[in-house]
Amino acid sequence: MNWYHLSALGGIAVTAPLGVAIAVWLAAAHCRRRALYWCLLFGATLLVVIGSKIAFLGWGVGIEAVHFAGFSGHATRAAAVFPVAAYLALCGRTKAWRYVAVALGVALAVAVTLSRVMVGTHSASEAILGCLLGLACAAAFIALVRSNRQFQPSPVLIAVSLALLCIPYKGEAHSSQQWMTGLALGLSGADRVYTTATWGPTRNPYSPPCPKAERYFNYVCF
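For the sequence shown, counting from 1, position 156 maps to 160 in the working numbering; every step adds exactly one.
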């Protein structure tokens, strides 16, 4: 497995369905309140990521010194869903097994985080801070679930969910960049977006004109 394959594990096509699956697992086990907590935590985490990217695209809000233009969505989602999914999958096992499962989930999330830097999609600060944000979401949720003695995961439901994740899906990058960039331009009233390419000797605050959605992928990666 190369860095690009690892990076793909943090993509929307994998992490978003897995995030939904976690809520389904909990609801099916009659833990609807915990399912709601997960939806709120995971949703709020994603909003922080999206907000950071829109703030940079529309207004140039970032930290040039560390090359931070928004949290890495791949790193954030991977760090949020993998430890939680691993924990819930082995929730019926002993505490030692659950700790091992969470550790493996964290290790996979860290690998995805590293891959985002290695493939040149994100700076180290964007990837690391994204990973920390996702881990905070996972830790908060696991702390809530840990006190719930009623949850018993359904092996069949978990197996079906994981099998569905193996279905290949492409084209997520363009669609996510399109609506985020469109929203940033609409809110800011600008006719072009900020890019990290402006950080450097020229310090031109704007990117070249960007009138069409098909160019969105060039500016920031969700």
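Built from N, CA and C at the ideal position, the CB exists for glycine as well.
Collapsing the DSSP output to three states places phenylalanine 72 in a strand. Of the candidates Val85, Gly138, Ser76, the residue whose Cα lies closest to the Cα of valine 18 is Val85.
The beta carbon of phenylalanine 46 sits closer than 7 Å to the beta carbons of Gly23, Ala84, Cys141 from its chain, once the five residues preceding and following it are set aside; these are given in chain order. Residue pairing for isoleucine 26: DSSP places it in no beta bridge.
Leucine 136 has its alpha-carbon roughly 11 Å from the corresponding atom of alanine 82.
Judged by DSSP secondary structure, alanine 144 falls within the alpha helix (DSSP H) whose first and last residues are 128-149.
Alanine 111 and tryptophan 7 have their alpha carbons spaced roughly 15 Å apart. At a Cβ-Cβ threshold of 8 Å, proline 87 and alanine 69 do not count as neighbours.
For histidine 9, the enclosing alpha helix (DSSP H) covers residues 7-12. By the C-beta criterion, the region 97-109 is judged not to be in contact with the region 32-43, since fewer than 3 inter-stretch pairs fall below 8 Å.
A Cβ-Cβ separation of about 4 Å places serine 127 in contact with histidine 71 under the 8 Å criterion. Between glycine 109 and alanine 79, the beta carbon gap of about 13 Å keeps them out of contact (Cβ cut-off 8 Å). No Cβ-Cβ contact shorter than 8 Å links arginine 120 with serine 192. The C-beta distance from isoleucine 67 to alanine 188 rounds to 18 Å, too long to fall under 8 Å, and the pair is not in contact.
Taking 8 Å as the cut-off, the Cβ atoms of valine 197 and leucine 61 count as close. DSSP lists Phe72 as the bridge partner or partners of isoleucine 67. Of the other Cβ atoms in all chains shown, fewer than 16 fall within 10 Å of the Cβ of valine 160; this residue is therefore exposed. Per DSSP, the continuous alpha helix (DSSP H) segment holding valine 110 begins and ends at 99-122. In the three-state DSSP reduction, threonine 185 falls in the helix class (H, G or I).
Around leucine 94, the same chain offers Trp101, Arg102, Ala105 as residues with beta carbons nearer than 6 Å, after the five sequence neighbours per side are excluded. Residue burial annotation: leucine 168 is exposed, with fewer than 16 other C-beta atoms found within 10 angstroms of its C-beta. With 16 or more other Cβ atoms from the protein chains shown falling within 10 Å of its own Cβ, valine 53 counts as buried.
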